[in-house]
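In the numbering used here, the protein residues as written are 34 to 361.
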Amino acid sequence: MREILFDRFGGPDVLTIRPESPRPEAGEGEVLVEVAYAGLNPLDHKIRDGSSGRAEGLELPAGTGREMVGTVLSAGPDLDEAELASRGLAPGTRVFGMRGPQDQRGVMAEVIAISADDLAPIPDSVPEENLPRWAGLALAGLTAIATVRDAAGIREGHTVLIHGGSGGVGQLLIPMALEAGAARVWATGRAANAERIRELGAEPIAYDEVDWQQALREATDGEGVDVVLDTHYFSTFEPSLELLRPGGIVVPLPSLADLSPARDRGIRAAIPAIVPGRDRLDHLVQGMRSGIYPLEVSQVFPLAQIADAHRVLEEGHTRGKLVIDVRA
């Protein structure tokens, strides 16, 4: 089977296709999945170039990718047909999910073994052409849930600023913040993506046309906001501290973000930690079915163009998600 691997840390060109990788075997608690599409995330290139903490101790050669959509083929020795059926994961079922935090294996392969606990079934009503959206849902969605619910604790009446409202996670942060009861949500993004941000329910701030700090001050009559959700961090974290109301909280998404500038000023700050689980995956299913979470896919690359996809990923201005067609 075909599989994407890298045998050293470096740029996109270290990613290569191994055309005849051995097909994996499902261990205890695992299922075999034939992968159709796999989502790309900034974490992928940070592991590949060695800058992520997740790269420490990674055994090379290693696979790449964390989230996927595909079809269940079979299960490990401890999962019989009745158990799979009770989970909605019978062979032939279309599923989506992401590898748990402790599972360092990639998903950019034609067949993968993955924990059954890290998967959820896709409704039969979802047409084949919509599967790329589901490939990019699990990691972005679980990150957004952890950000809104666990780290920020957004509740009724809060005002919220989201940096990167048109990105993969941002497009889920906006509706989830509103779902949690936020009274008003502003989101920064390029002017070209302003209409998309409005469609999601937030008020856009075009950072490439206006001073985003001044724009938010004017929009809030100088009061600032209760919550800042920062998918960018590097250029936005410290300036955002000036825009928080007393008692507010800032939540940067990069796991290695330095929170000391906030805490030194007595400002609450937290980094979200993804909590895997079927209940949260099922919540994402409900949001997709109802149309509340209209995650957008901007581009689908064939497996052979994985290096090109990583180059686009590293540019950092992607609208929505990038997805790999593993079958192409």
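Even glycine gets a Cβ: it sits at the ideal position worked out from N, Cα and C.
Keep in mind the model is a prediction, meaning the values are calculated, not measured.
With 16 other Cβ atoms within 10 Å as the buried cut-off, status of residue i
i	result
Ala224	exposed
Glu27	Within the shown structure, residues of the chain are numbered from 34 to 361, placing residue 27 beyond reach of any answer.
Pro110	exposed
Ala179	buried
Asn163	exposed
Glu53	exposed
His350	exposed
Gly214	exposed
Gly324	exposed
Arg166	buried
Gly255	exposed
Pro285	buried
Reference residue i; option with closest CA among the options
i	options	result
Ser119	Leu277, Glu162, Arg311 and Arg250	Arg311
Arg344	Gly43, Leu38 and Met34	Gly43
Ser268	Val260, Trp245, Ile282 and Pro160	Trp245
Leu106	Glu100, Asp77, Thr253 and Leu117	Leu117
Ala149	Ile300, Gly121 and Leu286	Gly121
Ala146	Asp263, Arg99 and Ala173	Arg99
Leu112	Leu205, Gly62 and Gly255	Gly62
Val102	Asp263, Val318, Ser273 and Gln137	Val318
Ala95	Gly130, Asp40 and Ser84	Asp40
Ser84	Arg188, Thr351, Glu347 and Leu328	Glu347
Gly320	Leu175, Asp263, Leu262 and Ala248	Leu175
Thr97	Ile339, Leu262 and Thr126	Ile339
Leu205	Glu189, Asp183 and Leu172	Leu172
Thr253	Gly234, Leu262, Glu242 and Leu277	Leu277
Glu67	Leu76, Asp77 and Arg56	Arg56
Ser288	Pro294, Arg301, Ile307 and Gly280	Ile307
Asp259	Glu92, Asp136, Val218 and Phe334	Val218
Leu76	Glu212, Gly139 and Thr104	Gly139
Val261	Gly280, Arg360 and Val243	Gly280
Rounded distance between the beta-carbons of residue j and residue i, thought under 8 angstroms
i	j	result
Leu65	Ile357	Not quite, the Cβ-Cβ distance comes to about 19 angstroms (not below 8 angstroms), so this is no contact.
Ala227	Ala239	6 angstroms
Gly201	Gly353	6 angstroms
Val128	Ala153	6 angstroms
Gly133	Pro309	5 angstroms
Ala71	Ile80	Not quite, the Cβ-Cβ distance comes to about 14 angstroms (not below 8 angstroms), so this is no contact.
Asp263	His196	5 angstroms
Chain C contact for residue i (CB, 8 angstroms cutoff)
i	result
Leu170	Absent from the structure: chain C. Only one protein chain is present.
Bridge-paired residues (DSSP) for residue i
i	result
Val261	Leu194 and Val283
Tyr70	Val102 and Asp358
Thr49	Leu38
Glu236	Trp219
Gly353	Gly200
Ser107	Leu65
Phe334	Ile357
Gly130	Met101 and Leu152
Exercise. What residue ranges within the segment 200–234 form continuous beta strand (DSSP E) runs of no fewer than 3 residues, ordered along the chain?
Worked result: The segment 200–234 contains these whole beta strand (DSSP E) runs: 217–222.
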